[in-house]
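Participant:
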Amino acid sequence: MKMKKRFLAVVLMVLLGSSLLISGCTQSGENSESRGRVHIVYVEWVCGSASTHVIADVLQNIMGYDVELTPVSVALMFEALAQGEADFTTVASRPVMHAAYLERIADRVVDVGSHLRGVELGLVVPAYVEINSVEELNSIRNELNGEMIGIDPGAGMMIHAQKLIEEYELDLVLLEGSDATMTAALHAAILQNRPIVALGWRPHWKFSRWDLKFLDEPKQIFGASENYHVVARVGLQEDMPEVFELLQNFSWSMEDIESAIMMAEDSGSSVQAASDWVAQNRELVNSWLPEAFR
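Per the numbering used here, the very first residue in the sequence shown carries number 474; after that it's consecutive.
Okay, here's the thing in structure tokens:
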């Protein structure tokens, strides 16, 4: 266990040490009259990228902070916050998906609150696939090549998907990958009109791009509904009260975040899409801002 913690700490230092280079590519450079530096960690899922870049744009271009962005794995994201090496993330999923991670570090982080409610999680198939329930997956096992398309190893959905396979006694192997490889697999299968099952969630641009459906899952292994929370390091409220107030006020609808996601997908630039989204939704953004910045 000690060796594992030491290894995580080394990996964390390497990744966080490279965040200036990453942020230099994703944000608009140094602010000559900066109010301070804010370090955001996130997982590169489309929903996490959208919320992260929108908040980064507000912090940098409206409130005058310099912003570092570091994409990491789920485990390293929470470890960075627990160690005080990063300021916050917008990518914490509760009450089910990230519960195990958050329970382990509960006394070393602050749950600022939810910014998005009603997140749907589960197994997704194209609408042309004739089954409608997880319980029917074994009946099309051969057409699926015995595979379920997963995402990042260690992600909460992967842990729960493995549990789901066991609970329903599914004769399927869960493949590790990423958000990008999952959508690429969906695209390839849909082009050939063949069955595929993948981990899916909404908000995501794939539901606008393709006709997909969630499979019924009676045991609710993934939970009935998730919420995305902002989780911060201990001490952020005292160190940067205006940043903390912004995060407390941050709240948007499914339609809001999906429009930001689609803008990023269409433009190919998370940074430009966030800037455009903020400009087009300034009334909502103003409701998040501390009074001095409205």
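For every residue, glycine included, the Cβ atom is placed at its ideal position computed from N, Cα and C.
Step through the CB atoms of chain C and report whether any lies within less than 9 angstroms of the CB of L709.
Facilitator: No chain C is part of this structure, which consists of one protein chain only.
Participant: Compare the Cα-Cα distances from N605 to each of G591, A529, I624, P691 and report the closest residue.
Facilitator: Among G591, A529, I624, P691, the Cα nearest to that of N605 belongs to P691.
Participant: Rounded to a whole number of angstroms, what is the C-alpha to C-alpha distance between E731 and S681?
Facilitator: Distance between the alpha carbons of E731 and S681 is about 9 angstroms.
Participant: Between the Cα of A671 and the Cα atoms of E715, P763, H588, G619, which residue gives the shortest distance?
Facilitator: When only C-alpha atoms are compared, the closest one is G619.
Participant: For T654 versus I624, is the C-beta spacing smaller than 9 angstroms?
Facilitator: In this structure, I624 lies closer than 9 angstroms to T654 by Cβ.
Participant: Check whether the Cβ atoms of T562 and L554 lie closer than 9 angstroms to each other.
Facilitator: Yes; because the gap between Cβ atoms is below 9 angstroms, this pair is in contact.
Participant: Answer yes if the segment 602-617 comes into contact with the segment 515-534, meaning at least three C-beta pairs across the two stretches below 8 angstroms, and no otherwise.
Facilitator: No, because fewer than three Cβ pairs between the segment 515-534 and the segment 602-617 fall closer than 8 angstroms, the two stretches do not touch.
Participant: Would you report the Cα separation of A765 and A697, rounded to the nearest angstrom?
Facilitator: When rounded, the distance between both Cα atoms is 39 angstroms.
Participant: Tell me which residues share the same chain as N722 and place their Cβ nearer than 6 angstroms to its Cβ, disregarding the 5 neighbours each side in the sequence.
Facilitator: Cβ within range, chain order: W761.
Participant: Report the option in V598, N700, Y641 whose CA atom is closest to the CA atom of I663.
Facilitator: Checked all of V598, N700, Y641; the closest Cα to I663 is V598.
Participant: Over what stretch of residues does the alpha helix (DSSP H) that includes F717 continue unbroken?
Facilitator: Per DSSP, F717 belongs to the alpha helix (DSSP H) from 714-722.
Participant: Rounding to the nearest angstrom, what Cα-Cα distance links C520 and D584 in this structure?
Facilitator: About 19 angstroms.
Participant: Compute the Euclidean distance between the alpha carbons of S726 and E593, then round it to the nearest angstrom.
Facilitator: Each residue's alpha carbon lies about 13 angstroms from the other.
Participant: Give the list of continuous beta strand (DSSP E) stretches no shorter than 3 residues that lie fully inside the segment 525-580.
Facilitator: Segments of the beta strand (DSSP E) lying fully in the segment 525-580: 539-544, 561-567.
Participant: Could I get the ranges of all uninterrupted beta strand (DSSP E) runs contained in the segment 645-701, with 3 residues as the minimum, in chain order?
Facilitator: Counting only runs of 3 or more, we get 646-648, 671-675, 685-687.
Participant: Are the beta-carbon atoms belonging to A548 and D684 less than 9 angstroms from one another?
Facilitator: Taking 9 angstroms as the Cβ cut-off, A548 and D684 do not qualify as a contacting pair.
Participant: According to the Cβ coordinates, are G595 and L688 closer than 9 angstroms?
Facilitator: For G595 and L688, yes; Cβs fall inside 9 angstroms.
Participant: Going by beta carbon distance, what residues of the same chain come within less than 7 angstroms of S724, once the five residues before and after it are set aside?
Facilitator: So the qualifying residues of the chain are H588.
Participant: Below 7 angstroms CB to CB, which residues in the same chain sit around M735 once its five sequence neighbours on both sides are set aside?
Facilitator: Hits under 7 angstroms: W678, S681.
Participant: Look at V602 and E699 and say whether their C-beta atoms are less than 9 angstroms apart.
Facilitator: The answer is no: Cβ separation not under 9 angstroms.
Participant: If you follow the beta strand (DSSP E) that S587 is part of, which residue opens it and which one closes it?
Facilitator: Taken as a continuous stretch (DSSP letters only), the beta strand (DSSP E) holding S587 covers 582-599.
Participant: Tell me, to the nearest whole angstrom, how far the beta carbon of A529 is from that of A752; I am working on the premise that it is less than 8 angstroms.
Facilitator: Rounded, the Cβ-Cβ distance is 14 angstroms, inconsistent with contact.
Participant: Below 9 angstroms between beta carbons: does that hold for V799 and R706?
Facilitator: The structure shown does not extend to residue 799, since the chain is modelled only from 474 to 767, so the question has no answer here.
Participant: Could you check which residue in Y701, L645, G629, K636 has the C-alpha nearest to that of E609?
Facilitator: The shortest Cα separation from E609 among Y701, L645, G629, K636 belongs to L645.
Participant: I622 bridges to which residues according to DSSP?
Facilitator: BP columns for I622 point to L648, A671.
Participant: Out of A523, E640, R508, which one is the CA nearest neighbour of D739?
Facilitator: Closest by alpha carbon: A523.
Participant: Count the other CB atoms, across all protein chains shown, that sit within 10 Å of the CB of C498; report buried if there are 16 or more and exposed otherwise.
Facilitator: The predicted model places C498 with a pLDDT of 36, which falls under 50 and marks its position as unreliable, so this point remains unresolved.
Participant: Comparing C-alpha positions only, which one of I622, V545, H702 sits nearest to H660?
Facilitator: Of the listed residues, the one whose Cα sits closest to H660 is I622.
Participant: Taking 9 angstroms as the threshold (C-beta atoms), are R577 and F551 in contact?
Facilitator: Yes.
Participant: Out of E711, Q693, V716, D712, point me to the one whose CA is closest to V703's CA.
Facilitator: With distances taken between Cα atoms, V703 lies closest to V716.
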